[in-house]
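Asks:
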Amino acid sequence: MPNSDKKITRGSLLVAPSSLLLLCFSVIPLFMLIFFSFINGNIGPDGSIAGYTTNNFTMIFSDSTFTKLMFKSLGIGIVVTLICVIIAYPAAWGIAKIAKAKNHNLLIMLVIIPFFTSQILLIYSIMVILQAKGLLMSLLGFLKLADPATSILYSNVAVIIVLIYEYLPYMILCIYNSIEKIDDNLIYASHSLGAGWFKTFVNVVFPMSMPGLLSGIMLVLVPVTGSFVEPGLVGGSNGMMVGSLINSQFSTVLNMGYGAAISFVFLIIISIIMGIVRVLMSRANRSIGGA
Amino acid sequence: MSKSFNRVIKVIMVLTYVIIFLPIAVIILMSFNNNEYGMMPFEFSFKWYQYLFTKSELLPATILSLKLAVSVCLVTVIIGTISALGMQYLPRKILMFFQPISQLPIIIPWLVQSIALLLLFNFVGIGRSYVSMFFGNLIVVLPYVLMMVAGRFADADRTPEDAARMLGAKPFKVFVDVIFPMLLPGIISGALMSFMVCFNAFCMQYYLAPFGIRTLPIEIYTLVKVGYKPDLNALASILILMSTLIVLALNKLGYSAKKLFG
Amino acid sequence: MKKSATILLALTTAAALMLTACSGSSNSSTKASGSSGDTGEKTLVVANWKGYGSDADYGAPAFEKLYNCKVVHQYFTSEDEMLTMLQTGGMGKIDVILPNSTYIKTAYDEGLIQPIDTSKLTNYKNLNDTWKNFSDANIDGKTYAVPWTWGTTSLGYNPDIVKDKITSWSSLWDPKYAGKIGFFDDYETAIMTTALYLKEPDPMKPDLDKVKDSLLQLKKNTKVLWSSYDDYLKPYAANEIAIGNMWTGTATQLTKAKHSVAYITPDEGTIGWGDFWSIAKNAPDYDLALKWVDFMTGEQFQTAFATGDNAHCPVNNLVTDKLTTDQKKDLWIYPSTPSKIYIEQALDTQTRQAWLNVWNTIKAS
Amino acid sequence: MSNLIVNNLNKSFGDNKVLDNISFKVEDGKFLSLLGPSGCGKTTILRIINGLEYPDSGAVLVNGKDITKLSAEKRNIGMVFQNYALFPNMTIEKNIAYGLKLRKKSKAEIKEKVDWALKLVHLEGMEHRKTTMMSGGQQQRVALARALVIEPDILLLDEPLSALDRKIRSEMQYEIRNIQQKVGITTVFVTHDQEEALTMSDEIILINKGIIEQQSDPWNLYNHPVSAFASDFLGKANLLDAELINNGDNWLAKGNGWVFPLEYKSGKVGDKLTVAIRGEHFTIRLEPFENAQEFTVSKKIFSGPTCKIMGKLGEDKVELTCISLDAEKCEIGGKIYIMPPKVNVLYFVK
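Residue numbers (my numbering), protein chains in the order written: chain A, -1 to 289; chain B, 600 to 861; chain C, 21 to 385; chain D, -2 to 347.
(1) Write down the C-beta distance between Trp193/C and Val335/C rounded to the nearest angstrom, noting that I regard them as a contact closer than 8 Å.
(2) Quick one, which of Tyr165/A, Asp3/A, Phe23/A, Thr7/A has its alpha-carbon nearest Leu807/B's?
(3) Use the C-beta contact count for Ser62/A: other C-beta atoms within 10 angstroms, 16 or more gives buried, fewer gives exposed.
(4) Just checking: is the beta-carbon of Val846/B within a distance shorter than 7 Å of some beta-carbon in chain D?
(5) Go to Leu128/A, then tell me how far its alpha helix (DSSP H) extends in each direction, as first and last residue.
(6) How about Gly685/B: is its C-beta nearer than 7 Å to some C-beta of chain A?
(7) As a quick exercise: from Gly199/C, Ser359/C, Glu260/C, pick the residue whose alpha carbon is nearest that of Lys131/A.
(8) In chain A, which residues lie with their C-beta within 7 Å of the C-beta of Thr275/C?
(9) Please indicate yes or no: does the CB of Ala215/C lie closer than 6 Å to some heavy atom of the ligand COA?
(10) For Glu250/D versus Ala234/D, is the C-beta distance shorter than 7 Å?
(11) Hey, would you say Pro704/B sits closer than 7 Å to Ile738/B, going by beta carbons?
(12) Find the residues of chain C that neighbour Tyr827/B, judging by a C-beta separation of less than 8 Å, and give them in chain order.
(13) May I have the straight-line CA-CA distance separating Ser16/A from Glu364/C, to the nearest angstrom?
(14) In whole angstroms, what separates the C-alpha of Gly230/A from that of Phe10/D?
(15) Closer than 8 Å, Cβ to Cβ, to anything on chain B: give me those residues from the stretch 51 to 64 of chain D, in chain order.
(16) Is Ser43/C buried or exposed, if buried means 16 or more other CB atoms sit within 10 Å of its CB?
(17) What is the DSSP secondary structure of Leu119/D, reduced to helix, strand or coil?
(18) Please state whether DSSP places Leu239/A in a helix, a strand or coil.
(19) What number of angstroms, rounded off, separates the C-alpha of Leu791/B from the C-alpha of Ile110/A?
(20) Smallest Cα separation from Asn47/D: which of Leu141/D, Lys104/D, Leu153/D?
(21) Suppose you measure from the CA of Lys8/D to the CA of Pro52/D; what does that come to, to the nearest Å?
(22) Which residues in chain A sit within 7 Å of Gln547/B, going by Cβ to Cβ distance?
(23) May I have the straight-line CA-CA distance separating Asp184/C from Leu143/A, to the nearest angstrom?
(24) Assuming Asn143/C contacts Asp314/C under a Cβ cut-off of 8 Å, what Cβ separation, rounded to an integer in Å, is found between them?
(25) Do Ala366/C and Lys125/C come within 7 Å of each other at the CB atom, strictly closer than that value?
(26) Closest to Tyr344/D by CA distance: which of Phe292/D, Asn217/D, Ser224/D, Phe279/D is it?
(27) Let's see if you can read the secondary structure: which residues bound the beta strand (DSSP E) around Trp91/A?
(28) Starting from Leu716/B, find everything on chain A with Cβ-Cβ shorter than 8 Å and list it in chain order.
(29) May I ask you to list, following chain order, the residues of the stretch 60 to 80 of chain A that have a beta carbon less than 9 Å from some beta carbon of chain C?
(30) Smallest Cα separation from Tyr362/C: which of Gln107/C, Lys62/C, Thr63/C, Phe154/C?
(31) If you draw a straight line from the C-alpha of Ser261/A to the C-alpha of Ile244/A, how long is it?
(32) Skipping 5 residues on each side, what residues in its chain have a beta carbon closer than 6 Å to that of Arg813/B?
(33) With a threshold of 8 Å, are at least 3 pairs of Cβ atoms found where one atom belongs to the stretch 162 to 169 of chain D and the other to the stretch 200 to 216 of chain D?
(34) Quick check: is the beta carbon of Val65/C nearer than 7 Å to any beta carbon in chain B?
(35) Determine the direct distance from the alpha carbon of Gly269/C to that of Ser74/C, and round the result to whole angstroms.
(36) Grab the span of the alpha helix (DSSP H) containing Ser60/A for me, first residue to last.
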């Protein structure tokens, strides 16, 4: 058969295992989630359903809790992602281009080390650093910037710091993955044309690292917006995020229908945000490339 | 790049590593502190290491967690690499369809996904079991590998593959000799990320593990009422020590291996 | 590149070596504690909080020796997840569960628990009457839950920081302590405590709007919303919080960790809670479950449970009488158990959802 | 060794026809160039010969054996790619030995063959170098060695020199031709650079928009192009519009402001013509001579041994090429008299 058809069959054969897995364990649960969001209350132990209703959705938008939390969580998500990008680019650049070639793998693996402990423990150790008379506070006190007895713990700032710490390695890895491929003499070429490091970054490095940046944003923005552990431990009294709302529906009061409905709306909003990010990125890429 | 710019980058890089390893230092420090709560007063003691190896149930859970993470990571890397390779042969319109689906497990909140999976497994009859826990973790980790490996293909130079074919290499040989080395950095990043995510995926393991079986995240999260004893710090310090040793050994081994196989 | 190929190989072999053979670990049975091995001997699956008495060495291990069986603990992170476990495939696998006083009725309504034959329980007769005859525990003549331990979520403060004498819940609303308050992140406690502060006739059926306004005010003064001993102990030890509601157990742990704490029952009364043992519907081993409940409420276990390092108030009257004054002081039941206790009772699903929405709105404001 | 036969190849990607009925034959040991502008389909022909592409119709035969449908790895054809396509993760030695390892040759034989190949391309002693640390010319030679070491039936070269700088390129042109003759391998060489084709090939096929314009040896292709495209593509030719006229027995081409005699081939009086005359075919003198035409010089472009003189012949712009010594004499703005010999005035009836 013609060459191109042979290719497609080989391609689909190779993709088959993962698409099968994705179908059974991700697409079906998605439909179950959509189905759940229309049931009233829970599924009984023997699978009986109390009845179908759409007031799960009306309940979401009846009071402002969800919308307020959603915007707040998105805000935190965007702030965390941006700061991660700002820190990750120079770090990834340093590892990929400045460190000696033999150390690349070593430096990248060292970034992952914190995750061999446990998320909870990392949060606790950061709490120890941020707490009153802790490391940070006494340092700031020393620099006369803040009173050491107070602490920024139990506030949204603390939640942001913890989330940045947790998701920075993902961003570094993604950007490193793209930057590592950039040919060195592309950069020398841009320099020879008189571009300083900033212009070189904007015109050469940034567009080339776009795919890595996109996946980095995907791996940071989405989980951060939906997180519920960090706000619970570190957020203090006004630390609640939309993730905690979803979590409360499932583990504080067993109302699967409402919980599923919130998750479904959350899912839609996140997909729209990611769609917008993709469009913005491709337009930025085109405007830089002049295409 | 200009010398001064390199120096600035180096400083930022060092700073980033300090930020990353500061909490680690705190964890290790607190593992030697006799006092359970807070830092002060600091009395040095190995109490928690003895507690870890005697009474605490953290060790068996850690071993199970590591085994799960390694097996899931291996299987995901294989499936992920194969399908990233397959994606290169598929036309754009199928890819436009496959791409969002492959990122679905990241977008759906894990809590809801794990409960839905549990009900699915109950419906199928497997219910809470190792198999369901294995697949639950596999599906959540697969997008990471797919993204990293497919990323390597993004704008890679494909002509060495043709060159290898011209020299008589069959498709599988072409993969082993040319494509695999090119993908390797992506595979390694993907493997590390999937190991990392699987090692900490509480929701997937909490709802899918058989009754009475506990992986490390379950062991830690269910301490929520009683609170954490520093034996957790002791365990974490050991894990950090071992993973750093492995990383350094690999780098050393990797480096010298380069001379051997060069 | 060649180097990276060897790195990947080395990484996997090193990891595999380190963890003993990783032989198809996805279905190898491991020696993780409590693996429900069906090696012929009887097995009992107990759903409980981790580290909450039943898995102590005087708990399950002693029971295993006594009845030559295997006890498997299934931990949960909230009472509701305990019910979810039963609903999502746990029925027929879990023997006994530990519902709190607010969840017995819910578990009954959802058809998750079965009646307990109290005639077979040797220790049932010496249990504390108030908790034994708790309304939700006995539904239309049958006993569905046997009390195990109880406590209060009352007002506690750090006398070193809070100098003046505290006698009423109103001090939580006192701007003097704003930013120094730690409050339990639980919708039921929040609303009932506020109802007590507003002197509502029945704390279980308060006027939600009034409660909502004063709760909003309380939240503004609150620094930390805690949900476990640790969440409270860390900020308390770091003096970030000085006053707030806490479990009796927290107060006990604080005194044992040499932090000064005063734990009082305010004039308006306080919130009481009880943990009960219930037997899950079609539990695999009903008789063994009965023996477990009996053992848990027996003198041997209750004395150890009431005097260990994180002691809890016993329900067995024989044990309570034998406690020394110091032990009673530790359990804050000296000279006598607090009188005006409002026990948290079950809520029907609508009120429960309504209360949670109020609490979420407060937290999100 | 072996000969290569290609019979009426047709290929289209979607609805754009890339190859239209391409047929040619390459004798054993001969060096054929496929010459044409980029996008004319010459690389596609190469990819069909080596199996990386399949034709819609037509056949490819090596020594009479039809390999059109055979998969690339079974064709035993050596190929050198435009960007060399060396394996980045292997050293020079490993790159060259790769094909032999696949053919399960013994270690000794591989060592011997690799040394032969390295000597052939003058890279002895560099076997442990990393490919990424070598110059373009060296990488090109490694690619050539890698292709030749497996003793292929046919050698294909896809614009191998386009990435090299001027000086190394002419060196490599000579070296590739030299190696090819020493090994005596049938070779198909794809290029868009006419000078490369002329210096290296036994025979050239000129391709334009998927159709063979002309197939002949370099000399005839250069001096007797069969079409306006051919004449312009090989060496810069002046293309002028004219009209065929006849006065008595000799035929002339009359453009606006000039007339040149020509050898009659076809066409009748009054036909519209495209006249193609190479810059170097004009005889140039300062004073008028027998039926020479007047030419006003506007610019001179000096390029070493030769020099280009731009100017106006009547109304048409013409570019002359002559050796720099002669060019000295003509001044910018001055008048000179030019006359191409009859045999070099080619014309094509529109």
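Where a beta carbon is used, it is the ideal one built from N, C-alpha and C, also for glycine.
Because the structure is a prediction, the values reported are computed rather than measured.
Replies: Put simply:
(1) At roughly 34 Å, the Cβ-Cβ gap does not stay under 8 Å, so Trp193/C and Val335/C are not in contact.
(2) Phe23/A
(3) exposed
(4) no
(5) 117 to 128
(6) yes
(7) Glu260/C
(8) What Thr275/C touches in chain A: nothing, since even the nearest Cβ is about 22 Å away.
(9) The ligand COA is absent from the structure shown, which contains no ligands of any kind.
(10) According to the sequence shown, residue 250/D is Ala rather than Glu. Cβ distance not < 7 Å, so Ala250/D and Ala234/D don't count as in contact.
(11) Yes, the pair counts as a contact, with Cβ atoms nearer than the cut-off.
(12) Asp250
(13) 50 Å
(14) 59 Å
(15) none
(16) At Ser43/C the pLDDT is 35, less than 50, meaning the model places this residue with poor confidence; the figure from the coordinates comes in the next sentence. Exposed, by the Cβ-count rule.
(17) Checking the displayed sequence, the identity of residue 119/D turns out to be His instead of Leu. Correct three-state label for His119/D: coil.
(18) Note that residue 239/A is Met in the sequence shown, not Leu. Judged by DSSP in its simplified three-state form, Met239/A adopts coil rather than helix or strand.
(19) 7 Å
(20) Leu153/D
(21) 5 Å
(22) A query on residue 547/B cannot be resolved here, the shown segment of chain B reaching from 600 to 861 and no further.
(23) 33 Å
(24) 6 Å
(25) With contacts defined by Cβ atoms closer than 7 Å, Lys125/C and Ala366/C form a contacting pair.
(26) Among Phe292/D, Asn217/D, Ser224/D, Phe279/D, the Cα nearest to that of Tyr344/D belongs to Ser224/D.
(27) Element bounds for Trp91/A: not the beta strand (DSSP E) but the alpha helix (DSSP H), 63 to 91.
(28) Phe23, Pro27
(29) Per Cβ criterion, the list reads Asp61, Ser62, Thr63, Phe64, Lys66, Leu67, Lys70.
(30) Measuring from the Cα of Tyr362/C, the nearest candidate turns out to be Phe154/C.
(31) C-alpha separation (whole angstroms): 7 Å.
(32) Ala660
(33) Touching, no, given that fewer than three Cβ pairs across the two stretches are closer than 8 Å.
(34) yes
(35) 15 Å
(36) Ser60/A -> alpha helix (DSSP H) spans 53 to 60.
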